[in-house]
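Okay, structure first, notes after.
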Amino acid sequence: MWKYVAIVTLCAALAPAGMVVAEDRQFTVVNIEYEGSKIWVPSTLVVHKGDKVKIKLINNVKSDPNQHGFAIPALNVTAVVDRGEPKEVEFVADKVGIFPTICQLHPAHVGGQLVVLP
Amino acid sequence: MWKYVAIVTLCAALAPAGMVVAEDRQFTVVNIEYEGSKIWVPSTLVVHKGDKVKIKLINNVKSDPNQHGFAIPALNVTAVVDRGEPKEVEFVADKVGIFPTICQLHPAHVGGQLVVLP
Amino acid sequence: MWKYVAIVTLCAALAPAGMVVAEDRQFTVVNIEYEGSKIWVPSTLVVHKGDKVKIKLINNVKSDPNQHGFAIPALNVTAVVDRGEPKEVEFVADKVGIFPTICQLHPAHVGGQLVVLP
């Protein structure tokens, strides 16, 4: 019996901190342009698995075209954001991983990452 | 006995890499403005639990007001940074989690995250 | 025997999700200047241990000097990027940790982080 207790304790001590309660995570992300490069900032968004994620997307880039995309293909998230018309996307981060965020309209744009921790 | 050894080995193999020694982590973070949106960059800061964190905050935004805030409410970190007068905050990241960073003076500003890994 | 099964199950349940297959991770990172501060964005890059990482570095900063550095000392990554001449670095993220990224030519520039998860 003491062995069992010892092993349970050991495993618990070694376990990740990850018994995490799902939370609502809200972000605002802004498209900026610098010397021809366009990038959404913050570029890196971090959440826990199970979190309900809401991202407000703002595109105030003055140069044409007036639409930019924001997509997380791995999680089936996609939005087109018109200049001056913020848009929100909502999704549940239902799998752990490191997932690229891209502009699906202009693949040359600088991408970012959604990191889903356990 | 062999069972005990096998189980200890198993648990160790499954354990997170996280037996991490606390470190000093130093950052410089700059407030930028783009088409009306203000944001501290880098927006995402990553540390380990126990790390002593020092953040130098630079506010060179030209538009009024001349003060911007930087706060991590979950860790009781708060600072007001005057234009042209960098300020440092120091704290120990004493709990694991994903914590929003905000401008406590202007909630509409774009926020960021402090990620404290185990 | 049932004890052994119970313990294996327990350990597995507590294990990190981290039995991760190495991937190719590609980034584009752009040097921007804002009111005298220079910073590579995205500033935070996240990968898994074992990933093959390729970073395309773009320096379109107009002010002199016309060269900026990008280095991850902990992983022996270093590059000098001329204005207007993108450069690529490739490396394998062969250890877990949180590693500063710097401009090795101008230590005053704002740095970033490469985060290597297990």
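Protein chains in written order, with the numbering used here: chain A, 931 to 1048; chain B, 931 to 1048; chain C, 931 to 1048. Cβ coordinates follow ideal geometry from the N, Cα and C atoms, glycine included.
Bounding residues of the beta strand (DSSP E) (the contiguous stretch that carries residue i)
i, result
"residue 1032 of chain C", "Unbroken run through residue 1032 of chain C: none, as it is neither H nor E."
"residue 1017 of chain A", "1017-1022"
"residue 990 of chain C", "Careful: residue 990 of chain C lies outside any beta strand (DSSP E) and carries neither H nor E."
"residue 1044 of chain B", "1042-1047"
"residue 999 of chain A", "997-1002"
"residue 879 of chain B", "Beyond the ends of chain B as shown, which are 931 and 1048, falls residue 879 of chain B; an answer cannot be given."
"residue 968 of chain A", "967-971"
"residue 976 of chain C", "974-978"
"residue 1007 of chain A", "1007-1012"
Per-residue burial, residue i [other beta carbons within 10 Å of its own, 16 or more giving buried]
i, result
"residue 1036 of chain A", "exposed"
"residue 993 of chain C", "exposed"
"residue 952 of chain B", "exposed"
"residue 961 of chain A", "buried"
"residue 1038 of chain A", "exposed"
"residue 981 of chain A", "buried"
"residue 1022 of chain B", "exposed"
"residue 995 of chain B", "exposed"
"residue 1042 of chain B", "buried"
"residue 1006 of chain B", "exposed"
"residue 1046 of chain A", "buried"
9 Å Cβ cutoff met for residue i and residue j
i, j, result
"residue 1040 of chain A", "residue 971 of chain B", "no"
"residue 1020 of chain B", "residue 987 of chain B", "no"
"residue 1044 of chain A", "residue 950 of chain A", "no"
"residue 1029 of chain B", "residue 1002 of chain B", "yes"
"residue 1009 of chain A", "residue 1025 of chain A", "no"
Any C-beta of chain E under 9 Å from that of residue i
i, result
"residue 1043 of chain C", "Of the protein chains in this structure, namely A, B and C, none is chain E."
Whole-angstrom C-beta distance between residue j and residue i, which should lie under 8 Å
i, j, result
"residue 973 of chain A", "residue 990 of chain C", "17 Å between Cβ atoms; not a contact."
"residue 956 of chain C", "residue 999 of chain C", "Incorrect: roughly 21 Å between the Cβ atoms, too far for contact."
"residue 997 of chain B", "residue 1011 of chain B", "7 Å"
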